[in-house]
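Data block below; observations after.
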Amino acid sequence: MSHNVESTAFRSAIEVIRAVEPRVADAIGAELADQRESLKLIASENYASPATLLAMGNWFSDKYAEGTVGRRFYAGCQNVDTVEALAAEHAKELFGAAHAYVQPHSGIDANLVAFWAILADRVESPALKKAQVRQVNDLTEADWFALRRELGNQRMLGMSLDAGGHLTHGFRPNISGKMFDQRSYGTDPATGLIDYDRVAEAAREFKPLILVAGYSAYPRKVNFRVMREIADSVGATFMVDMAHFAGLVAGKVFTGDFDPVPHAHIVTTTTHKSLRGPRGGMVLCGPELADQVDRGCPMVLGGPLPHVMAAKAVALAEARRPDFADYAQRIVDNAQALADGLLRRGATLVTGGTDNHLVLIDVSGYGLTGRQAEQALLDSGIVTNRNAVPQDPNGAWYTSGIRIGTPALTTRGLGTAEMDATAELMHTVLTQTSAGTGPDGAPSKAKYVLDPATAESVGKQAADLLTPFPLYPEVELG
Ligand code: DSN
Numbered sequence: 000m001s002h003n004v005e006s007t008a009f010r011s012a013i014e015v016i017r018a019v020e021p022r023v024a025d026a027i028g029a030e031l032a033d034q035r036e037s038l039k040l041i042a043s044e045n046y047a048s049p050a051t052l053l054a055m056g057n058w059f060s061d062k063y064a065e066g067t068v069g070r071r072f073y074a075g076c077q078n079v080d081t082v083e084a085l086a087a088e089h090a091k092e093l094f095g096a097a098h099a100y101v102q103p104h105s106g107i108d109a110n111l112v113a114f115w116a117i118l119a120d121r122v123e124s125p126a127l128k129k130a131q132v133r134q135v136n137d138l139t140e141a142d143w144f145a146l147r148r149e150l151g152n153q154r155m156l157g158m159s160l161d162a163g164g165h166l167t168h169g170f171r172p173n174i175s176g177k178m179f180d181q182r183s184y185g186t187d188p189a190t191g192l193i194d195y196d197r198v199a200e201a202a203r204e205f206k207p208l209i210l211v212a213g214y215s216a217y218p219r220k221v222n223f224r225v226m227r228e229i230a231d232s233v234g235a236t237f238m239v240d241m242a243h244f245a246g247l248v249a250g251k252v253f254t255g256d257f258d259p260v261p262h263a264h265i266v267t268t269t270t271h272k273s274l275r276g277p278r279g280g281m282v283l284c285g286p287e288l289a290d291q292v293d294r295g296c297p298m299v300l301g302g303p304l305p306h307v308m309a310a311k312a313v314a315l316a317e318a319r320r321p322d323f324a325d326y327a328q329r330i331v332d333n334a335q336a337l338a339d340g341l342l343r344r345g346a347t348l349v350t351g352g353t354d355n356h357l358v359l360i361d362v363s364g365y366g367l368t369g370r371q372a373e374q375a376l377l378d379s380g381i382v383t384n385r386n387a388v389p390q391d392p393n394g395a396w397y398t399s400g401i402r403i404g405t406p407a408l409t410t411r412g413l414g415t416a417e418m419d420a421t422a423e424l425m426h427t428v429l430t431q432t433s434a435g436t437g438p439d440g441a442p443s444k445a446k447y448v449l450d451p452a453t454a455e456s457v458g459k460q461a462a463d464l465l466t467p468f469p470l471y472p473e474v475e476l477g
């Protein structure tokens with residue numbers, strides 16, 4: 000039994016919890032066991048460090064801290080000020096940003112803060128100026144009514160969902176789609192790549208207030224310099240959601256035209272994906288939008304989570320270490336090795352490969368829907384998620400794609416040789432699985448047939464692949 004400090008910390012914490020609700024203690028232990036056993040290829044997940052995890056489990060959770068550093072609506076926030084200022088300082092240094100707002104609880108929240116900051120800057124402030132008042136409470140009922148209509152009448156242009164965009168970029172099922180009149184730009188059907196001329200054309204026609212770049216399922220770099228030129232050409236505010244690839248920006252894999260921070264007016268991100276921090280969000284911007292961004296709470300956010308801001312400070316400090324750049328480069332090397340391994344075995348990949356952390360497989364070539372492929376892979380110990388491909392005939396539920404990503408396995412230490420082995424395991428499952436039929440014998444988009452012996456054998460090989468790379472080796476729960 001190990002007696003290192005991490006093992007002692009986690010073991011003690013679980014025992015303290017067990018004394019109150021043993022089922023929660025058991026679930027925490029079971030989650031570690033499950034994560035240790037799975038070949039996790041979910042592109043948006045990672046493994047935060049023990050220091051990051053421990054920073055979240057303490058009395059910072061007890062504190063209300065609405066407002067921002069040094070300007071709170073509650074007394075006694077001096078220690079919250081310390082961690083929030085530290086997280087913001089690390090974020091600014093890491094990304095070269097003038098301003099960082101580290102309170103958003105998630106990526107959706109970070110995007111909402113950004114949208115409202117832009118609306119406040121571009122729509123509300125001019126209205127207040129015109130009415131010669133300082134704040135919205137001073138507007139007449141008629142001016143307030145007119146401003147509310149104006150706020151609800153703005154346009155956003157973002158990447159289409161099936162090309163890899165995100166639901167929060169103005170799509171109807173999300174609040175952003177109800178707030179904005181939205182149009183989307185897709186990708187070139189022949190190459191799968193963003194066609195910047197088409198984006199410029201759409202911007203000229205639609206004249207959005209906000210041009211959004213960023214994605215959750217596009218396996219290529221985006222040229223943010225060109226996107227900024229397009230935004231400028233129509234007077235749009237340029238926003239980048241770098242939630243998926245923030246770690247690649249932090250690790251200086253994406254630089255120059257591919258680093259969004261120098262090009263965008265405002266950048267949002269999550270902190271838990273390739274950045275490898277706690278679950279949460281963050282906004283970066285220049286001085287022009289800083290005051291509006293800092294109004295995020297209570298504009299759209301509930302009270303800040305000081306314990307998570309403490310963990311953000313820890314994770315961002317880790318990302319500033321030289322070894323993070325090496326980690327970020329290995330994420331991409333691994334994604335490319337995985338893509339090459341799949342291509343050599345006959346897979347069809349959207350855009351034909353990757354230059355970031357993710358790969359999108361079009362599984363229709365195997366005669367499967369994304370849902371069938373996802374479940375067959377899961378049966379075989381390989382955790383992925385189904386995802387639409389451009390112009391997907393199977394829609395967003397069944398889909399025709401499988402999205403895979405390498406941030407998590409790279410954190411565990413797997414390298415390019417293991418990625419090739421992973422490609423072989425996936426190839427085995429995908430070629431050995433066939434589409435099933437419903438009770439009436441009609442083709443099913445959900446049912447599939449995979450010999451349990453094959454699933455078991457692949458699962459065993461996947462577990463063997465992970466054995467030399469223990470997850471949280473410093474943590475033994477006993
Ligand atoms: N859930 C995140 C992802 O998987 O990409 C985005 O919301």
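Numbering follows numbering that gives the first Met the number 0, in which position 210 of the sequence shown is assigned residue number 209; successive positions increment by one, without gaps. We treat Cβ as the ideally placed atom computed from N, Cα and C, and that holds for glycine.
Cβ separation of residue i and residue j, assumed to be a contact under 8 Å, to the nearest whole Å
{"i": "Thr268", "j": "Ala314", "result": "So it is not a contact: roughly 12 Å between Cβ atoms."}
{"i": "Met155", "j": "Pro207", "result": "5 Å"}
{"i": "Thr347", "j": "Asp361", "result": "4 Å"}
{"i": "Val457", "j": "Thr427", "result": "6 Å"}
{"i": "Gly246", "j": "Pro469", "result": "The Cβ separation is near 22 Å, so there is no contact."}
{"i": "Arg202", "j": "Ser232", "result": "Reading off the sequence, residue 202 comes out as Ala, not Arg. That belief holds up - the Cβ atoms of Ala202 and Ser232 are roughly 7 Å apart, short of 8 Å."}
{"i": "Val266", "j": "Val239", "result": "5 Å"}
{"i": "Ala462", "j": "Gly340", "result": "About 19 Å; that fails the 8 Å criterion."}
{"i": "Met308", "j": "Ala109", "result": "About 13 Å separates the two Cβ atoms, so there is no contact after all."}
{"i": "Ala422", "j": "Arg344", "result": "6 Å"}
{"i": "Val82", "j": "Ala312", "result": "5 Å"}
{"i": "Gln102", "j": "Pro259", "result": "That belief does not hold up - the Cβ atoms of Gln102 and Pro259 are roughly 20 Å apart, past 8 Å."}
{"i": "Arg385", "j": "Ile403", "result": "Incorrect: roughly 11 Å between the Cβ atoms, too far for contact."}
{"i": "Val488", "j": "Ser6", "result": "What is shown of the chain runs 0 to 477, which leaves residue 488 out entirely."}
{"i": "Val221", "j": "Phe257", "result": "7 Å"}
Identity of the residues DSSP links to residue i by a beta bridge
{"i": "Arg17", "result": "Arg17 is not bridged to any residue."}
{"i": "Met488", "result": "Residue coverage of the chain in this structure runs from 0 to 477, which leaves residue 488 outside it and unanswerable."}
{"i": "Tyr184", "result": "Met158"}
{"i": "Pro442", "result": "Thr436"}
{"i": "Tyr326", "result": "Paired residues: none, contrary to the question."}
{"i": "Cys284", "result": "His98 and Ile265"}
{"i": "Val358", "result": "Ile403"}
{"i": "Arg39", "result": "Note that residue 39 is Lys in the sequence shown here, rather than Arg. For Lys39, which the question treats as bridged, DSSP gives the partners Val382."}
{"i": "Ile193", "result": "Thr186"}
{"i": "Tyr447", "result": "Ala434"}
{"i": "Leu424", "result": "In DSSP, Leu424 forms no bridge with anything."}
{"i": "Gly66", "result": "Arg71"}
{"i": "Leu341", "result": "BP columns for Leu341 are empty, so no partner."}
{"i": "Ser348", "result": "The residue asked about is misnamed: residue 348 is Leu in this sequence, not Ser. DSSP, once it has assigned bridges, lists Ile360 as partnering Leu348."}
Pick from the options that is closest to residue i, judged by C-alpha positions
{"i": "Gly255", "options": "Trp58, Gly95 and Leu85", "result": "Gly95"}
{"i": "Gln390", "options": "Ile16, Ala74, Val349 and Val4", "result": "Val349"}
{"i": "Tyr63", "options": "Glu287, His306 and Ile229", "result": "His306"}
{"i": "Glu287", "options": "His98, Ala318 and Asn110", "result": "His98"}
{"i": "Leu465", "options": "Ala416, Pro442 and Ala318", "result": "Ala416"}
{"i": "Asn355", "options": "Arg219, Glu373 and Gly364", "result": "Arg219"}
{"i": "Ala420", "options": "Ala338, Ala145 and Gly477", "result": "Ala338"}
{"i": "Met158", "options": "Met178, Phe237 and Thr186", "result": "Thr186"}
{"i": "Pro321", "options": "Leu31, Leu93 and Trp58", "result": "Leu93"}
{"i": "Lys177", "options": "Ile193, Leu150, Leu192 and Ala189", "result": "Leu150"}
{"i": "Ala242", "options": "Pro261, Gly364, Phe59 and Arg278", "result": "Arg278"}
{"i": "Tyr217", "options": "Glu5, Val388, Pro467 and Thr432", "result": "Val388"}
{"i": "His104", "options": "Arg344, Thr432 and Ala310", "result": "Ala310"}
{"i": "Ala434", "options": "Leu424, Glu373, Thr51 and Gly477", "result": "Glu373"}
{"i": "Glu317", "options": "Asp33, Pro438 and Thr51", "result": "Thr51"}
{"i": "Val248", "options": "Ala235, Phe205, Phe237 and Tyr326", "result": "Tyr326"}
{"i": "Phe223", "options": "Gly276, Phe253 and Asn136", "result": "Phe253"}
{"i": "Pro261", "options": "Lys91, Asn57 and Lys459", "result": "Lys91"}
Minimum Cβ-Cβ distance from residue i to chain E less than 9 Å
{"i": "Ala372", "result": "In the structure shown, chain E cannot be found, because there is only a single protein chain."}
Proximity test, residue i beta-carbon vs the ligand MN heavy atom, cut-off 8 Å
{"i": "Ser6", "result": "Of the ligands one can find in the structure shown, namely the ligand DSN, none is the ligand MN."}
For the 8 Å Cβ check, are there 3 or more pairs between the segment 163-171 and the segment 211-220? yes
If you measure from each CB to the nearest heavy atom of the ligand DSN and keep those under 5 Å, what residues do you get, in chain order? Ser43 and Ser215
Quick one: any contact between the segment 177-197 and the segment 319-331, if contact means 3 or more CB pairs under 8 Å? no
Evaluate contact between the segment 289-298 and the segment 105-118, counting only Cβ atoms and requiring at least three cross-stretch pairs below 8 Å. yes
Evaluate contact between the segment 397-417 and the segment 25-41, counting only Cβ atoms and requiring at least three cross-stretch pairs below 8 Å. yes
Would you call the segment 358-373 and the segment 397-408 in contact, with 3 or more CB pairs under 8 Å? yes
Can at least three beta-carbon pairs, one atom from the segment 8-15 and one from the segment 23-35, be found at a separation below 8 Å? yes
Validate contact between the segment 166-181 and the segment 133-144 using beta carbons, cut 8 Å, 3 pairs: no
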